[in-house]
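*Asks:* Numbering (full-length UniProt numbering), first residue to last: 1 to 145. Beta carbons are placed, not taken as given, at the ideal position from N, Cα and C, and that holds for glycine. The structure follows.
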Amino acid sequence: MADNSKREKYFLYNSLSILLKAVEKKRTMIDLRNEATVLGIVEQADAYMNVVMRDCIFTDPRGDSFKYDMFFVQARNIRCVHIPPSIRIIPAIMEQLKRLSHSSREMTGTKYTYKAKRAKQRQQEGLAAVKQILESRNTTKDYKK
């Protein structure tokens, strides 16, 4: 994670590509823009949503299937990523944000630009909103019992 550029980190903090990072090492299906699908294990995903998959089955629009050991999908070709049902989306995003914030400790003592301050403020507001949603869900579950 240390070799990510500032731009990549910005995209991870401010887009849903962080959810794709949570799908790494899991089997999932990606629908492509040309009606093809790729089913396999996500090996690596970056902030721009480029994906490297392994042990894949590529199904073209005509229905022919091909097996690949490694497969690279460019972000511009992705239409949809199917998140496995075993992954809970909000906790997965929060876990990935924690991992990113722990890896960015080298910036202590530096001055933040206006854009960075604003992005950090929006992230904190988003995390607070997610916590509030989770707490309200937990309290409604307690009332139903």
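For Asp55, collect the residues of the same chain with a Cβ closer than 6 Å to its Cβ; drop the 5 residues on either side in sequence, then sort them by chain order.
*Replies:* For Asp55, where only same-chain residues beyond five positions count, the Cβ hits under 6 Å are Gly40 and Ile41.
*Asks:* Just the Cα atoms here: how many angstroms apart are Val23 and Ala47?
*Replies:* Approximately 13 Å, taken between the alpha carbons.
*Asks:* Need the endpoints of the alpha helix (DSSP H) that Lys6 sits in, please.
*Replies:* First-last of the alpha helix (DSSP H) with Lys6: Lys6 to Asn14.
*Asks:* Along the alpha helix (DSSP H) that carries Ile18, what are the first and last residues, could you check?
*Replies:* Its alpha helix (DSSP H) spans residues Ser17 to Ala22.
*Asks:* My output table needs one value for Thr139: the three-state DSSP class, helix, strand or coil.
*Replies:* Thr139: helix per DSSP, three-state reduction.
*Asks:* Straight-line CA distance for Glu135 to Ala128?
*Replies:* When rounded, the distance between both Cα atoms is 10 Å.
*Asks:* Measuring from the CB of Ala47, is there a heavy atom of the ligand NAD at a distance below 7 Å?
*Replies:* No copy of the ligand NAD appears in this structure; indeed no ligand is present at all.
*Asks:* If you scan the segment 52-134 from start to end, which runs of the beta strand (DSSP E) of 3 or more residues do you find wholly inside it?
*Replies:* Listed in chain order, they are 65-73 and 78-82.
*Asks:* Output needed for Thr37: all residues of its chain with C-beta closer than 8 Å, excluding positions within five of it in sequence on either side, in chain order.
*Replies:* Here the set comprises Met29, Ile30, Asp31, Phe58 and Thr59.
*Asks:* Taking the alpha-carbon of Leu20 as reference, which of Ala92, Gly126 and Met70 has the nearest alpha-carbon?
*Replies:* Comparing Cα-Cα distances from Leu20 to each of Ala92, Gly126 and Met70, the minimum goes to Ala92.
*Asks:* Look up Met29 in the DSSP assignment and say whether it is helix, strand or coil.
*Replies:* Here Met29 sits in strand by DSSP.
*Asks:* Do the CB positions of Met49 and Ser17 come within less than 8 Å of each other?
*Replies:* Contact flag set, yes.
*Asks:* Just grab the DSSP bridge partners of Ala45 for me.
*Replies:* DSSP output for Ala45 lists Val51 as bridge partner(s).
*Asks:* Taking the straight line between their C-alpha atoms, what separation do you get for residue 173 and Glu35?
*Replies:* Coverage of the chain is limited to positions 1 through 145, which leaves residue 173 absent and any answer about it impossible.
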